[in-house]
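*Asks:* Here the protein sequences line up with chains Y and R, keeping their order. Numbering follows this note's numbering, in which position 100 of the first sequence is assigned residue number 100; successive positions increment by one, without gaps. Numbering follows this note's numbering, in which position 63 of the second sequence is assigned residue number 63; successive positions increment by one, without gaps. This is the structure I want to talk about, given as structure tokens.
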Amino acid sequence: NAGVTQTPKFHILKIGQSMTLQCTQDMNHNYMYWYRQDPGMGLKLIYYSVGAGITDKGEVPNGYNVSRSTTEDFPLRLELAAPSQTSVYFCASRSGEASPLHFGNGTRLTVT
Amino acid sequence: AQSVTQLDSQVPVFEEAPVELRCNYSSSVSVYLFWYVQYPNQGLQLLLKYLSGSTLVKGINGFEAEFNKSQTSFHLRKPSVHISDTAEYFCAVTRRSNASKIIFGSGTRLSIQP
Numbered sequence: 001n002a003g004v005t006q007t008p009k010f011h012i013l014k015i016g017q018s019m020t021l022q023c024t025q026d027m028n029h030n031y032m033y034w035y036r037q038d039p040g041m042g043l044k045l046i047y048y049s050v051g052a053g054i055t056d057k058g059e060v061p062n063g064y065n066v067s068r069s070t071t072e073d074f075p076l077r078l079e080l081a082a083p084s085q086t087s088v089y090f091c092a093s094r095s096g097e098a099s100p101l102h103f104g105n106g107t108r109l110t111v112t
Numbered sequence: 001a002q003s004v005t006q007l008d009s010q011v012p013v014f015e016e017a018p019v020e021l022r023c024n025y026s027s028s029v030s031v032y033l034f035w036y037v038q039y040p041n042q043g044l045q046l047l048l049k050y051l052s053g054s055t056l057v058k059g060i061n062g063f064e065a066e067f068n069k070s071q072t073s074f075h076l077r078k079p080s081v082h083i084s085d086t087a088e089y090f091c092a093v094t095r096r097s098n099a100s101k102i103i104f105g106s107g108t109r110l111s112i113q114p
């Protein structure tokens, strides 16, 4: 099994551009998450989903959008990128509420 | 709303010395608690978790943590660290009544000196 796969691994975006970070998992997990990691700040929850068609905001949702049309995929959309969105983005999934998270390897995004 | 505080951003220790990484959470309801480890340039992986039962939880790589409800703490310990334990460690909490949302602390960077 591949687990949680994120693409791309790295990307440089110009201010005001848009892009989609891809996340797919092959474990049939209902729960999926997007976090951003900034130095000294830990992981901040952006959006999460408890199943196909259901999404909810996390701690820092502004400037981002998500969709969950299938169990496997949970793309994160950045509209009008800003330098403050420079970060490492992690996607994660889990099978149930008491289960551990399985993380992807991250996407390092620079907005310049 | 729940929150997690990791009191030390960095902890330097000598190899084979014991270590404790501190984690306090804020929640008025029952919680599940987790410790994750992140090795350089990798994603996070689970070290251990507390769901219920015994308050002393053992994890991988010789780590253990103790849940203390009265002090709302979940400190991580290892009696003797190795160079390979150099990593960043994250405490995470989720409410039992609505465990969809998982909140992480700011992390503690453990550096092992020979």
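Glycine residues also receive a C-beta, built at the ideal position from the N, C-alpha and C atoms.
Chain Y beta carbons: is any one of them nearer than 8 Å to that of R/Phe74?
*Replies:* So, not an interface residue.
*Asks:* Pull the bridge partners of R/Ala65 from the DSSP assignment, please.
*Replies:* R/Val57, R/Leu76, per the DSSP bridge assignment.
*Asks:* Expressed to the nearest angstrom, what Euclidean distance is found between the alpha-carbon atoms of Y/Tyr48 and Y/Gly63?
*Replies:* For Y/Tyr48 and Y/Gly63, the distance between alpha carbons rounds to 15 Å.
*Asks:* Can we say the region 91–108 of chain R touches the region 30–48 of chain Y, given the rule of at least three CB pairs closer than 8 Å?
*Replies:* Yes, the region 91–108 of chain R is in contact with the region 30–48 of chain Y.
*Asks:* Would you mind telling me which residues of chain Y sit closer than 9 Å to R/Gln42, beta carbon to beta carbon, in chain order?
*Replies:* Residues of chain Y passing the Cβ test: Phe103, Asn105, Gly106.
*Asks:* Can you tell me whether DSSP reads R/Ile83 as helix, strand or coil?
*Replies:* DSSP places R/Ile83 in helix when its eight states are reduced to three.
*Asks:* Apart from the five residues just before and just after R/Thr5, which ones in its own chain have a Cβ nearer than 7 Å to its Cβ?
*Replies:* Within the same chain, R/Thr5 has close Cβ partners Asn24, Gly105.
*Asks:* Using a Cβ-Cβ cut-off of less than 8 Å, give me the residues of the region 8–33 of chain Y that come near chain R, in sequence order.
*Replies:* Within the region 8–33 of chain Y, the qualifying residues are Tyr31, Tyr33.
*Asks:* Skipping 5 residues on each side, what residues in its chain have a beta carbon closer than 6 Å to that of R/Ser3?
*Replies:* Closer than 6 Å at the Cβ level, and outside the excluded window around R/Ser3, lie Ser26.
*Asks:* By the 10 Å Cβ neighbour count, where 16 or more other Cβ atoms means buried, how is R/His82 classified, buried or exposed?
*Replies:* Burial call: exposed.
*Asks:* With DSSP as the reference, identify every bridge partner of R/Pro12, one or two as the case may be.
*Replies:* DSSP, once it has assigned bridges, lists R/Ser111 as partnering R/Pro12.
*Asks:* Determine, for Y/Ala98, whether the minimum Cβ-Cβ distance to residues of chain R falls below 8 Å.
*Replies:* Chain R contact via Cβ: present.
*Asks:* Determine, for R/Phe90, whether the minimum Cβ-Cβ distance to residues of chain Y falls below 8 Å.
*Replies:* At least one chain Y Cβ lies under 8 Å of R/Phe90.
*Asks:* Output the boundary residues of the beta strand (DSSP E) element that contains Y/Gln37.
*Replies:* Taken as a continuous stretch (DSSP letters only), the beta strand (DSSP E) holding Y/Gln37 covers 31–38.
*Asks:* What residues in the region 50–64 of chain Y bring their beta carbon closer than 8 Å to a beta carbon of chain R?
*Replies:* Listed by position along the chain: Val50, Asp56, Gly58, Glu59.
*Asks:* For R/Gln42, name the three-state secondary structure that DSSP assigns.
*Replies:* Coil at R/Gln42, not helix or strand.
*Asks:* Can you check DSSP and say which residues form a bridge with Y/Gly51?
*Replies:* The partner list for Y/Gly51 (beta bridge, DSSP) reads Y/Ile54.
*Asks:* Starting from Y/Val90, find everything on chain R with Cβ-Cβ shorter than 9 Å and list it in chain order.
*Replies:* The residue you asked about is not Val; residue 90 of chain Y is Phe in the sequence shown. Those are Gly43, Leu44, listed as they occur along chain R.
*Asks:* Whole angstroms is fine: what's the gap from R/Leu56's alpha carbon to Y/Ala98's?
*Replies:* If you take the alpha carbons of R/Leu56 and Y/Ala98, they lie about 17 Å apart.
*Asks:* Would Y/Phe74 be called buried (16 or more neighbouring beta carbons within 10 Å of its own) or exposed?
*Replies:* Y/Phe74 should be labelled buried.
*Asks:* Would you mind reading off the limits of the beta strand (DSSP E) that contains Y/Ala92?
*Replies:* From DSSP, the beta strand (DSSP E) with Y/Ala92 extends over 87–94.
*Asks:* In three-state terms, what does DSSP make of R/Ser26?
*Replies:* Here R/Ser26 sits in strand by DSSP.
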